[in-house]
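Contents: one structure, followed by commentary.
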Amino acid sequence: MATYAVGDIQGCLEPLLHLLEQIGFDPKVDKLWVAGDLINRGPQSLETLRFIRSLGDAAVVVLGNHDLSFLAVAEGFQPMRDGDTVEEIIRASDCEELCHWLRQQKLVHHDEALAYTMVHAGIPPQWSIKKALRRSAEVEDVLQDEERYQDFLLNMFGSEPRVWHKNLKGHDRLRIITNYFTRMRFCDNDGQLEFQAKSGPDAAPKGFGPWYKIKQRKASNDRIIFGHWAALQGHADAENVFALDTGCVWGGSLTIMCLEDQTLYSCACD
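According to full-length UniProt numbering, the sequence shown holds residues 1 to 270 in order.
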């Protein structure tokens, strides 16, 4: 039995299947953690979604920004953007079932026995893992609520507020929690977000740094798996953080890590 984690698939199913064959993945005994952005931009978004769902309990999924954006598009709250590849899902006969399945997934996953936490973008410096799990549960509860999830998706988009405060309420509170977990790259020491820069960590805007390099980050002793940041090319210069987005959909590679021994397996994406 082994547990593997994979970075942003984004609809690139063939490289994923190649890697799973390479490592001898067996869904009867093994687990596959997926660090968000299962779909969009790649050529097989519908097939990827169906495949991950078919793994049942063998798949552990956290949602990424592309997954949440798709849910908003499917509800008619957001138009498709240039380069989106989710129209096939929306036209599919099982679209409603796939959307419902996506809404049941987490924003943060923590395994006490393995001592790993997985999130799509990152954990803000002011939150411990315990607090991050409490905050993620707030959004997960709304997403899974048949009476509230549409209102959340309708009001999810936006970059304000940019910093957490415990007194935040309503859509502002849910929005910044979601942005931390699914959009964050750079922030300042207080956890204030910077959304414009998408390049590597050496090009951090003045006053900001990669979230995982912030001094006195409360989760610095916890092992965190994340994706989202293709410009890192799988390398985060900090202990206990594992960057798994290696830019498959951008002509890079897809990367899987075995959690037990941290061995990396990669497949080039043509």
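Just so you know, even glycine gets a beta-carbon here, dropped at the ideal spot from N, CA and C.
Exercise. So is G191 buried or exposed if we call it buried at 16+ other beta carbons inside 10 Å?
Worked result: Walking along the sequence shown from the start, residue 191 turns up at place 191. Taking every protein chain shown into account, the CB of G191 has 16 or more other CB atoms within 10 angstroms, so this residue is buried.
Just to confirm, are D37 and N65 a CB contact at a threshold of 9 Å? For this step, residue 37 is matched to residue 37 along the sequence shown. For this step, residue 65 is matched to residue 65 along the sequence shown. Against a cut-off of 9 Å, the Cβ pair of N65 and D37 comes out as a contact.
Top-ranked residue by Cα proximity to A231, from C248, D270, G24: For the purposes of this step, residue 231 is taken as the residue at position 231 of the sequence shown. If we check each option's Cα against that of A231, C248 comes out closest.
If you count every other CB in all the chains shown that lies within 10 Å of the CB of E239, and 16 or more means buried, which is it?
The count along the sequence shown starts at 1 and reaches residue 239 at position 239. Its Cβ having fewer than 16 others within 10 Å, E239 is exposed.
Neighbourhood of E140 by C-beta distance below 7 Å, restricted to the same chain and skipping five residues each side: Stepping through the sequence shown from its first residue, residue 140 is reached at position 140. So the qualifying residues of the chain are K106, L107.
*Since F226 is in the beta strand (DSSP E), which residue starts that stretch and which ends it?*
Residue mapping note: residue 226 aligns to position 226 of the sequence shown, counting from 1. In the DSSP assignment, F226 falls within the unbroken beta strand (DSSP E) covering 224–226.
task: Please work out which residues of its chain come closer than 8 Å, Cβ to Cβ, to R173, disregarding the five sequence neighbours upstream and downstream, and give them in chain order.
output: As a first step, residue 173 is located in the sequence shown; it is residue number 173 there, counting from the start. Contacts found: E138.
- prompt: Candidates R185, V119, F77: which alpha carbon is nearest V62's?
  reply: Taking the first residue of the sequence shown as 1, we reach residue 62 at position 62. When only C-alpha atoms are compared, the closest one is V119.
Practice prompt. Excluding the 5 residues preceding and the 5 following G42 in the sequence, name in chain order all residues of the same chain whose CB lies nearer than 6 Å to its CB.
Written response: In the sequence shown, residue 42 corresponds to position 42, counting from 1. The residues are Q10, G11, C12, V249.
* **Range of the contiguous alpha helix (DSSP H) that encloses S45** => The residue labelled residue 45 in the question sits at position 45 within the sequence shown. Unbroken alpha helix (DSSP H) run through S45: 45–54.
Quick one: give me the first and last residue of the beta strand (DSSP E) that L264 is part of.
For this step, residue 264 is matched to residue 264 along the sequence shown. Taken as a continuous stretch (DSSP letters only), the beta strand (DSSP E) holding L264 covers 264–268.
Considering only the alpha carbon of each residue, which of Y212, D26, L244 lies closest to M257? Translated into positions along the sequence shown, residue 257 becomes position 257. The candidate whose alpha carbon is nearest that of M257 is L244.
For the alpha helix (DSSP H) that Y180 lies in, which residues bound it at each end? Within the sequence shown, numbered from 1, the residue matching residue 180 stands at position 180. Start and end: 170–182.
Cα-Cα separation, C95 to S69
Position 95 of the sequence shown, counting from 1, holds the residue named residue 95. Position 69 of the sequence shown, counting from 1, holds the residue named residue 69. Rounded to whole angstroms, C95 to S69 spans 15 Å at the Cα level.
- Task: Please determine, among L114, E87, E14, A58, the residue with the shortest C-alpha to C-alpha distance to I225.
- Result: Translated into the one-based positions of the sequence shown, residue 225 becomes position 225. When each option's Cα is compared against that of I225, the closest is L114.
inquiry  = Any contact between the segment 124–133 and the segment 84–93? By contact I mean 3 or more CB pairs, one from each, below 8 Å.
reply    = They do not touch, by the three-pair rule.
Flag this pair as yes or no: are the beta carbons of R162 and I177 separated by less than 9 Å?
Your numbering for residue 162 matches position 162 in the sequence shown. Your numbering for residue 177 matches position 177 in the sequence shown. No, these two residues do not count as a Cβ contact at 9 Å.
#### Entry: the segment 26–36 contacting the segment 210–228, beta-carbon criterion three pairs below 8 Å
The answer is yes - the segment 210–228 touches the segment 26–36, with three or more Cβ pairs under 8 Å.
message: On the DSSP bridge list, what partners appear for H235?
response: By 1-based counting over the sequence shown, the position of residue 235 is 235. Answer is none; H235 lacks a bridge partner.
**Item:** Element boundaries [alpha helix (DSSP H), containing C248]
**Value:** One-based indexing of the sequence shown puts residue 248 at position 248. Neither: C248 is in no alpha helix (DSSP H) and is coded neither H nor E.
Just list the beta strand (DSSP E) runs in the UniProt domain "Calcineurin-like phosphoesterase" (4–155), keeping only unbroken ones of 3 residues or longer that don't cross its boundaries, in chain order.
31–34, 59–61, 108–111, 116–119
Return the CA-CA distance between A219 and W211, expressed in angstroms with no decimal places.
The count along the sequence shown starts at 1 and reaches residue 219 at position 219. The count along the sequence shown starts at 1 and reaches residue 211 at position 211. Distance between the alpha carbons of A219 and W211: 11 Å.
Roughly how far, in whole angstroms, is the beta-carbon of K215 from the beta-carbon of N189, given that I think they are within contact range, below 8 Å?
-> Within the sequence shown, residue 215 is the residue found at index 215, counting from 1. Within the sequence shown, residue 189 is the residue found at index 189, counting from 1. Confirmed, Cβ separation roughly 7 Å.
**Message:** Check this for me: beta carbons of F195 and G122, under 9 Å apart or not?
**Reply:** Position 195 of the sequence shown holds residue 195. Position 122 of the sequence shown holds residue 122. Contact flag unset, no.
Point to revise | Selected residue, minimal CA-CA separation from D30, among Y265, L259, L264 | key: Counting from one through the sequence shown, the residue named residue 30 turns up at place 30. That would be L259, whose Cα lies nearest to the Cα of D30.
field: Supposed close pair F77, L153 - CB separation, criterion 8 Å
entry: Taking the sequence shown and counting its residues from 1, the one referred to as residue 77 is at position 77. Taking the sequence shown and counting its residues from 1, the one referred to as residue 153 is at position 153. Going by Cβ atoms, the distance from F77 to L153 rounds to 5 Å, so yes, they are a contact pair.
Q.
Let me make sure I understand the geometry here. Which of T3, M1, F51 has the alpha-carbon closest to that of E14?
A. In the sequence shown, counting from the first residue as 1, residue 14 sits at position 14. Residue F51 is the option with its Cα nearest to E14.
C-alpha gap between V60 and A203, whole angstroms:
Position 60 of the sequence shown, counting from 1, holds the residue named residue 60. Position 203 of the sequence shown, counting from 1, holds the residue named residue 203. If you take the alpha carbons of V60 and A203, they lie about 33 Å apart.
Query raised in the report: Out of curiosity, what's the CA-to-CA distance linking H171 and I23?
Result: Within the sequence shown, numbered from 1, the residue matching residue 171 stands at position 171. Within the sequence shown, numbered from 1, the residue matching residue 23 stands at position 23. If I take the Cα positions, the gap works out to 42 Å.
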